[in-house]
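Before any comments, here is the structure.
There are 2 protein chains.
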Amino acid sequence: MDNRPIGIFDSGVGGLTVASRVMSQLPNEKIVYFGDTARVPYGSKSKETVTKFAKQDVRFLLSKNVKAIIIACNTVSSNSLEELKKMFAIPIFGVVRPGAKEAAKITKNSKIGVIATSATVRSDAYKKEILKIKPNAEVFSKACPLFVPLAEEGWADEEITRLTAEKYISELLEKGIDTMVMGCTHYPLLKNCIKKVVGDKIVLVDPAYETSLVAKQYLTKNDMLRDSQKEPKHEFYVSDTTETFDKICYEALHKKYETKEINIESF
Amino acid sequence: MDNRPIGIFDSGVGGLTVASRVMSQLPNEKIVYFGDTARVPYGSKSKETVTKFAKQDVRFLLSKNVKAIIIACNTVSSNSLEELKKMFAIPIFGVVRPGAKEAAKITKNSKIGVIATSATVRSDAYKKEILKIKPNAEVFSKACPLFVPLAEEGWADEEITRLTAEKYISELLEKGIDTMVMGCTHYPLLKNCIKKVVGDKIVLVDPAYETSLVAKQYLTKNDMLRDSQKEPKHEFYVSDTTETFDKICYEALHKKYETKEINIESF
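Below is the structure:
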């Protein structure tokens, strides 16, 4: 048993959808969440900058004495996971491998689409992971830079969002995919519009759920679960205090949480 | 005379539209430009974070021995100009006052619209400056968070951008404005779509031009112009190297420039 908390970090608010899954799967665990709201987004930035930011994020969580870290951010999972694992002696889980595994399991025609940020697409991480499991798969990726600001604007059900989704996703549909990974934690917030565009025949994969299962499995197997009957008191930290965080926190977790602001550049 | 360069900074690429105006007005001046591409955007962040970032940006430009600083970023000009002026003993020019002055001069019915980032709108800076000059004016502001990502995506002439502009701007049109300030340096990149929405009767104000005139006047009056017949060698610095910067740099300045990456967090 290990009563220390689980650390989760993201470039901003998107990772709250992952935190929500982890809380459902591991209701007895305490979560320390960090959202880098001062430097969000990561998905339009270079691998070097993303990795530099991610190291600071990990160092902050370590200062909170966490027992394991879940990288909720697809951009960090795609670009920096290996380097972080080499650098820090703590179990670190990304969202890409679990998402890729699930997509490879689901697809019937071996044609898989991935929608993600520019940095995630550029890394080719989903493709590499899917091909490890299913070497004959065809993987088609598309960067969707407007999805994050559309989700943060709260335009989940607007015609503009549907048109944008159509513009981005149509080329994947032309390839005949039967499975599509939502490779950015913000995208499930736009699920309605995305579903309208892809129709019923294409299965959408949200890596957050699979990631929470992987973390649960690891902690259970290694006897690292929290052993306390007291309700865990989650902690939320941000690098900038903004209204968007509170709004999406409530949408994702159906509860109001207090956030504390920290200076991430000092880590 | 003063042969040191002029510093210009922005949260990212948008300020290149200001740099372009300054180069036209002051073709003999050397420019040192900094774009904080690692932490862009500023417009969705808090006043405190914007001011903290802006101080680092100014310190970096001071390390390049500039004689004056132009804040190309509307968000910084709106939220942090007074604090920066108090803190640093160097002439610093924002874009808000010149833009407000021009709008107040142009309007005939004293009804002025301002489109800008969330942080600029929240600061009420344009309204305050316009009312100083024209106390009877009515100022209507609207935050347009999707305009920056649309401009960076290069969707300047897309139907989606026109629909988005319509959604944002229609409430300003209903107020009967005859003048509208483009209060974010990215917005002139979407001028075609914005013009389609506002029509011919509303005059669009781009503060960049007015700001370059103010800077020229100040340097001339204070005998601070560069006195050299050699063509100035401009310098461009960024905090993250991305393709977007190069693309928009070419669009705004019609020339390729080399950029150097610096670690802004160390300033």
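Taken in order, these protein sequences are the chains called Z and G.
Using numbering that gives the first Met the number 0, the first residue of the first sequence is number 0, and each one after it goes up by one.
Using numbering that gives the first Met the number 0, the first residue of the second sequence is number 0, and each one after it goes up by one.
All residues carry an ideal CB built from backbone N, CA and C; glycine is no exception.
With DSSP as the reference, label residue i as helix, strand or coil.
i, result
"Y236/Z", "strand"
"D245/Z", "helix"
"F87/Z", "coil"
"I159/Z", "helix"
"A67/G", "strand"
"D9/G", "strand"
"G42/Z", "coil"
"I261/Z", "coil"
"F33/Z", "strand"
"V180/Z", "strand"
"A150/G", "helix"
"K104/G", "helix"
"D1/Z", "coil"
"A136/G", "coil"
"F59/Z", "helix"
"S169/Z", "helix"
"S76/Z", "helix"
"G98/G", "helix"
"F266/Z", "coil"
"E28/Z", "coil"
With distance defined between alpha-carbon atoms, name the residue in the options nearest to residue i.
i, options, result
"Y167/G", "T184/G, L212/G, S117/G", "S117/G"
"K259/G", "L252/G, A251/G, H233/G, H253/G", "H233/G"
"Y186/Z", "E173/Z, G153/Z, D199/Z", "G153/Z"
"L189/Z", "S238/Z, K200/Z, I114/Z", "I114/Z"
"L15/G", "E28/G, T184/G, N108/G", "T184/G"
"Q24/G", "L212/G, C72/G, A99/G", "L212/G"
"D205/G", "V12/G, I263/G, A155/G, R20/G", "R20/G"
"S227/Z", "F8/Z, S10/Z, G6/Z, P26/Z", "P26/Z"
"A267/Z", "N73/Z, K174/Z, K194/Z", "As shown, chain Z starts at 0 and ends at 266. That puts residue 267/Z outside it, with no answer to give."
"N108/G", "F92/G, K126/G, K133/G, G98/G", "K133/G"
"K140/Z", "S76/Z, I176/Z, D245/Z", "Reading off the sequence shown, one finds Ser at residue 140/Z, where the question assumed Lys. Cα-wise, what sits closest to S140/Z is I176/Z."
"L162/Z", "K174/Z, E151/Z, F146/Z", "F146/Z"
Looking only at DSSP bridge pairs, what is residue i linked to?
i, result
"K141/G", "I114/G"
"M22/Z", "None, per the DSSP bridge assignment."
"F92/Z", "I69/Z"
Would you verify that the beta carbon of residue i is, or is not, closer than 9 angstroms to some beta carbon of chain Z?
i, result
"D239/G", "yes"
"I159/G", "yes"
"R58/G", "no"
"T48/G", "yes"
"K232/G", "no"
"S45/G", "yes"
"E293/G", "Nothing about residue 293/G can be read from this structure; chain G reaches only from 0 to 266."
"K100/G", "no"
Verify the CB distance criterion: does residue i have a CB-CB separation below 9 angstroms to chain G?
i, result
"L149/Z", "yes"
"S79/Z", "no"
"A18/Z", "no"
"E257/Z", "no"
"S62/Z", "no"
"A37/Z", "yes"
"E82/Z", "no"
"L162/Z", "yes"
"K246/Z", "no"
"L188/Z", "no"
"L171/Z", "no"
"E152/Z", "yes"
"K166/Z", "yes"
Cβ of residue i versus every heavy atom of the ligand MN: is any distance shorter than 8 angstroms?
i, result
"D156/G", "The model on display carries no ligand, and the ligand MN is accordingly not part of it."
Worksheet item: In chain order, which continuous runs of the beta strand (DSSP E) of length 3 or greater are located wholly inside the segment 200 to 232 of chain G?
Response: 202 to 204
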